[in-house]
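Asker:
Protein chains: 2
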Amino acid sequence: ALLKKKKAYRAAGRYRLKKAIFDLGPSGYPFELFIGRLFESFGYQVKTDQKISGKCVQHEVDVVAVKPGEQVIVECKFHSDYRAKTNVQVPLYIDSRFNDIKEKWAEEGRYKDMNVRGYVVTNARFTKDAIAFAECAGLGLISWDYPKDGSLKYFTDKAGLYPVTSLRSLNKGQKKEFLEEGIVLCRELLKNEDLLRKQGLNEKQISKVFDEARYLTGQ
Amino acid sequence: ALLKKKKAYRAAGRYRLKKAIFDLGPSGYPFELFIGRLFESFGYQVKTDQKISGKCVQHEVDVVAVKPGEQVIVECKFHSDYRAKTNVQVPLYIDSRFNDIKEKWAEEGRYKDMNVRGYVVTNARFTKDAIAFAECAGLGLISWDYPKDGSLKYFTDKAGLYPVTSLRSLNKGQKKEFLEEGIVLCRELLKNEDLLRKQGLNEKQISKVFDEARYLTGQ
Chain A
2 ALLKKKKAYR AAGRYRLKKA IFDLGPSGYP FELFIGRLFE SFGYQVKTDQ KISGKCVQHE
62 VDVVAVKPGE QVIVECKFHS DYRAKTNVQV PLYIDSRFND IKEKWAEEGR YKDMNVRGYV
122 VTNARFTKDA IAFAECAGLG LISWDYPKDG SLKYFTDKAG LYPVTSLRSL NKGQKKEFLE
182 EGIVLCRELL KNEDLLRKQG LNEKQISKVF DEARYLTGQ
Chain B
2 ALLKKKKAYR AAGRYRLKKA IFDLGPSGYP FELFIGRLFE SFGYQVKTDQ KISGKCVQHE
62 VDVVAVKPGE QVIVECKFHS DYRAKTNVQV PLYIDSRFND IKEKWAEEGR YKDMNVRGYV
122 VTNARFTKDA IAFAECAGLG LISWDYPKDG SLKYFTDKAG LYPVTSLRSL NKGQKKEFLE
182 EGIVLCRELL KNEDLLRKQG LNEKQISKVF DEARYLTGQ
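So the protein sequences, as listed, match chains A and B. Be aware that the first sequence starts at 2, since it is given in the numbering used here, and climbs by one per residue. Be aware that the second sequence starts at 2, since it is given in the numbering used here, and climbs by one per residue.
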């Protein structure tokens, strides 16, 4: 019975995952944190909301992810609309921004031995042209279902990166409070029992939330 | 009295010029035609709404202006809101598009001896960052009041490029019909008496419109 419950929870969780990521909105910031966690799960050190000087102007970069020999700058495009597509203008301007930053770093001799790469990540989809341009320009793209072996769908499930918005045992207001505290993953919620208690949940309710969160993240 | 009338017309025309350019909307296409006429007045051969292949993808270019030794591609940003500013993302993506096209041309050995330049033109304003990036990247910018000696305000008045929307002697519907026929300048209207007649204007009314158009354009 426990196994059955576990399986049912996970299936329901996966089914609702796309919606759960949309529910990180309407502001784009929790999605940026979520993408930060994704890069962290691959061993990167992550900073969000950074200002980086380029040769011509200063740029606001959503996520900067660093690991030895590698430096990644990420633009996050959060859409509240399921059908929205990120069009070619976004990879075009990100590539331009990226080149502006790289030129500055080259001038200063910084990160010379590093592999520097730009990424655009969206919760919805990219247009054909956006994908064609990014592939040709060497810019990384991640969307809900692209690329097949590196999409949000793939990573969130593989790495157990279920956002708190996946939980059925929390209501909207409670989820929102977690997001506002910068706690975006079920995995992190499990370390923040206090916030649940502060929200007025009793031990039985907390245990229910923890059960669901554990089942989803496979812990 | 005629001179006084002439002066009054011109002053009123200049005063209303900014609004007249906004009245080219709500669609952005008449503004593209208007910018095409601006480049024509400097001796360029102009085509609007062109598809140009880049190295990575095909681009839709609003205005292509060519003269011996020179090739200009222009992106037009029409805003219906007076206070709108075109931000840095636009020159960033236009520079990227422009480089994509230039790389393709270099591969094919086309326009080798030509000076190739990109432009962004808006009826409203640019942000500081947009101007800083464009100046640094060598991209041309034209807005209502930038650059001082090459703004829309400057050019339209110097070159007598008054749009048909400047005319007080035509109503909204009549102006719209001219725009739909691709007739955007008072100067062109003067060669299209027939359309005024078709719109049901009598000789007296036509003569009034012609007077105003001549005064504005200084003909």
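Beta carbons: idealized from backbone N, C-alpha and C, even for Gly. Computed from a predicted model, the values in this text were never measured in an experiment.
Within the 9 Å Cβ cut-off, does A:Ala138 reach chain B?
Answerer: The residue given as residue 138 of chain A occupies position 137 in the first sequence. For A:Ala138, the nearest beta carbon of chain B is closer than 9 Å to its own beta carbon.
Asker: DSSP three-state call for B:Glu182: helix, strand or coil?
Answerer: Against the second sequence, residue 182 of chain B aligns to sequence position 181. DSSP places B:Glu182 in the coil class of the three-state scheme, outside both helix and strand.
Asker: Indicate whether the contact test is met: 3 or more Cβ pairs, each with one atom in the segment 186-195 of chain B and one in the segment 160-172 of chain B, closer than 8 Å.
Answerer: Inter-segment contact for the segment 186-195 of chain B and the segment 160-172 of chain B is present: three or more beta-carbon pairs are separated by less than 8 Å.
Asker: Determine contact between the segment 129-148 of chain A and the segment 107-121 of chain A, defined as no fewer than three beta-carbon pairs at a distance below 8 Å.
Answerer: yes
Asker: Checking contacts by CB at 9 Å: is B:Ala133 closer than that to chain A?
Answerer: By one-based count along the second sequence, residue 133 of chain B stands at place 132. Flagged as an interface residue toward chain A: B:Ala133, by a C-beta distance shorter than 9 Å.
Asker: Is it buried or exposed, A:Ala66, if we count other Cβ atoms within 10 angstroms and call 16 or more buried?
Answerer: Indexing the first sequence from 1 puts residue 66 of chain A at position 65. Looking at its Cβ environment, which holds 16 or more other Cβ atoms inside 10 Å, A:Ala66 is buried.
Asker: For A:Thr166, name the three-state secondary structure that DSSP assigns.
Answerer: By 1-based counting over the first sequence, the position of residue 166 of chain A is 165. Helix, per DSSP.
Asker: Name the chain A residues whose beta carbon is nearer than 9 Å to that of B:Lys19?
Answerer: Walking along the second sequence from the start, residue 19 of chain B turns up at place 18. Ordered by position in chain A, no residue passes the 9 Å Cβ test against B:Lys19, which lies about 27 Å from the chain.
Asker: Name the chain B residues whose beta carbon is nearer than 7 Å to that of A:Cys57?
Answerer: The sequence position of residue 57 of chain A within the first sequence is 56, counting from 1. Simply Ala133, Phe134, Cys137 and Ala138.
Asker: When you compare only the Cα positions, how much space is there between B:Cys103 and B:Ser28?
Answerer: The residue labelled residue 103 of chain B in the question sits at position 102 within the second sequence. The residue labelled residue 28 of chain B in the question sits at position 27 within the second sequence. Per the sequence shown, the amino acid found at residue 103 of chain B is Lys instead of Cys. For B:Lys103 and B:Ser28, the distance between alpha carbons rounds to 29 Å.
Asker: Check B:Thr1 in the structure and name its three-state DSSP category.
Answerer: No information on residue 1 of chain B is available, as it lies outside the stretch 2 to 220 that chain B covers here.
Asker: DSSP puts A:Lys105 in a beta bridge; with which residues?
Answerer: Here residue 105 of chain A is taken as the residue at index 104 of the first sequence, counted from 1. Paired residue(s): none; A:Lys105 is not in a bridge.
Asker: Going by other Cβ atoms of all chains shown within 10 Å of its Cβ, with 16 needed for buried, is B:Gln90 buried or exposed?
Answerer: Start at 1 with the first residue of the second sequence, and residue 90 of chain B comes out as number 89. Buried, because 16 or more other Cβ atoms sit within 10 Å of the Cβ of B:Gln90.
Asker: With which residues is A:Ala66 paired in a DSSP beta bridge?
Answerer: As a first step, residue 66 of chain A must be located in the first sequence, where it is residue number 65. Paired residues: A:Val47 and A:Val73.
Asker: For chain B, is any of its Cβ atoms less than 9 Å away from the one on A:Gln90?
Answerer: Counting from one through the first sequence, the residue named residue 90 of chain A turns up at place 89. Closer than 9 Å to the CB of A:Gln90 there is at least one CB belonging to chain B.
Asker: In its own chain, which residues sit with a C-beta less than 8 Å from the C-beta of B:Ile22, not counting the 5 before and 5 after it?
Answerer: If you number the second sequence from 1, residue 22 of chain B lands on position 21. Correct list, in chain order: Phe32, Phe35, Asn124, Trp145, Leu153, Thr157, Pro164 and Thr166.
Asker: Answer with yes or no whether the minimum CB distance from A:Asp96 to chain B is below 9 Å.
Answerer: Within the first sequence, residue 96 of chain A is the residue found at index 95, counting from 1. Yes, A:Asp96 lies at the interface with chain B (some Cβ there is under 9 Å from its Cβ).
Asker: Please state if the CB of B:Phe179 and the CB of B:Leu196 are separated by a distance shorter than 9 Å.
Answerer: Taking the second sequence and counting its residues from 1, one reaches residue 196 of chain B at position 195. Taking the second sequence and counting its residues from 1, one reaches residue 179 of chain B at position 178. Cβ distance < 9 Å, so B:Leu196 and B:Phe179 count as in contact.
Asker: Excluding the 5 residues flanking A:Leu168 on each side, which residues of the same chain have their C-beta closer than 6 Å to its C-beta?
Answerer: Here residue 168 of chain A corresponds to residue number 167 of the first sequence, with the count starting at 1. Cβ within range, chain order: Glu213.
Asker: Within the same chain, show all residues whose beta-carbon is closer than 6 Å to that of A:Gly55, passing over the 5 residues directly before and after it, in chain order.
Answerer: In the first sequence, counting from the first residue as 1, residue 55 of chain A sits at position 54. So the list reads Asp101, Ile102 and Lys105, once near-sequence residues are dropped.
Asker: Strictly under 9 Å for the Cβ-Cβ distance: is B:Leu93 near chain A by that measure?
Answerer: Start at 1 with the first residue of the second sequence, and residue 93 of chain B comes out as number 92. Output row for B:Leu93: interface = yes.
Asker: Along the chain, where does the beta strand (DSSP E) containing B:Gly219 start, and where does it finish?
Answerer: Taking the first residue of the second sequence as position 1, residue 219 of chain B is located at position 218. It is not in any beta strand (DSSP E) - B:Gly219 carries neither H nor E in the DSSP assignment.
Asker: Give the DSSP-derived three-state secondary structure of A:Val58 in the structure shown.
Answerer: Your numbering for residue 58 of chain A matches position 57 in the first sequence. DSSP places A:Val58 in coil when its eight states are reduced to three.
Asker: Roughly how many angstroms separate the alpha carbons of A:Lys205 and A:Asn172, rounded to a whole number?
Answerer: Here the question's residue 205 of chain A lines up with position 204 in the first sequence. Here the question's residue 172 of chain A lines up with position 171 in the first sequence. One C-alpha to the other measures close to 16 Å.
Asker: Judging by CA-CA distance, which residue of A:Arg84, A:Lys199, A:Glu71 and A:Ala107 is the nearest neighbour of A:Lys20?
Answerer: Along the first sequence, one-based indexing puts residue 20 of chain A at 19. Closest by alpha carbon: A:Arg84.
Asker: How far does the alpha helix (DSSP H) with B:Leu142 in it reach, from first residue to last?
Answerer: The residue you call residue 142 of chain B lines up with position 141 of the second sequence. Here B:Leu142 belongs to no alpha helix (DSSP H); instead the beta strand (DSSP E) covers Gly141 to Ile143.
Asker: Within the same chain, show all residues whose beta-carbon is closer than 8 Å to that of A:Tyr147, passing over the 5 residues directly before and after it, in chain order.
Answerer: One-based indexing of the first sequence puts residue 147 of chain A at position 146. Cβ neighbours of A:Tyr147 beyond the five flanking positions: Arg126, Phe127 and Ile132.
Asker: Does any residue of chain B bring its CB to less than 9 Å from the CB of A:Asn193?
Answerer: Taking the first residue of the first sequence as position 1, residue 193 of chain A is located at position 192. So, not an interface residue.
Asker: May I ask you to check if the CB of A:Ala85 is nearer than 8 Å to at least one heavy atom of the ligand NAP?
Answerer: With respect to the ligand NAP, the structure offers nothing, as it holds no ligand at all.
Asker: Could you give the distance in angstroms between the alpha-carbon of A:Tyr216 and the alpha-carbon of A:Lys176?
Answerer: Position 215 of the first sequence holds residue 216 of chain A. Position 175 of the first sequence holds residue 176 of chain A. Rounded to the nearest angstrom, the two C-alpha atoms are 18 Å apart.
Asker: If you measure beta-carbon to beta-carbon, which residues of the segment 185-212 of chain A are closer than 9 Å to chain B?
Answerer: none
Asker: For A:Val64, tell me which candidate among A:Asp130, A:Arg38 and A:Asp24 has the shortest Cα-Cα distance.
Answerer: As a first step, residue 64 of chain A is located in the first sequence; it is residue number 63 there, counting from the start. Shortest Cα-Cα distance from A:Val64 to any of A:Asp130, A:Arg38 and A:Asp24 involves A:Arg38.
Asker: Let's test the definition: count the other Cβ atoms within 10 Å of the Cβ of A:Ala107 and tell me whether it reaches 16, buried, or not, exposed.
Answerer: The residue you call residue 107 of chain A lines up with position 106 of the first sequence. Burial call: exposed.
Asker: Which chain A residues sit within Cβ distance under 7 Å of B:Asp63?
Answerer: Taking the second sequence and counting its residues from 1, the one referred to as residue 63 of chain B is at position 62. What B:Asp63 touches in chain A: nothing, since even the nearest Cβ is about 14 Å away.
Asker: Taking only beta-carbon atoms, is B:Asp130 less than 9 Å away from chain A?
Answerer: As a position in the second sequence, residue 130 of chain B is number 129, starting the count at 1. Cβ-Cβ to chain A under 9 Å: yes for B:Asp130.
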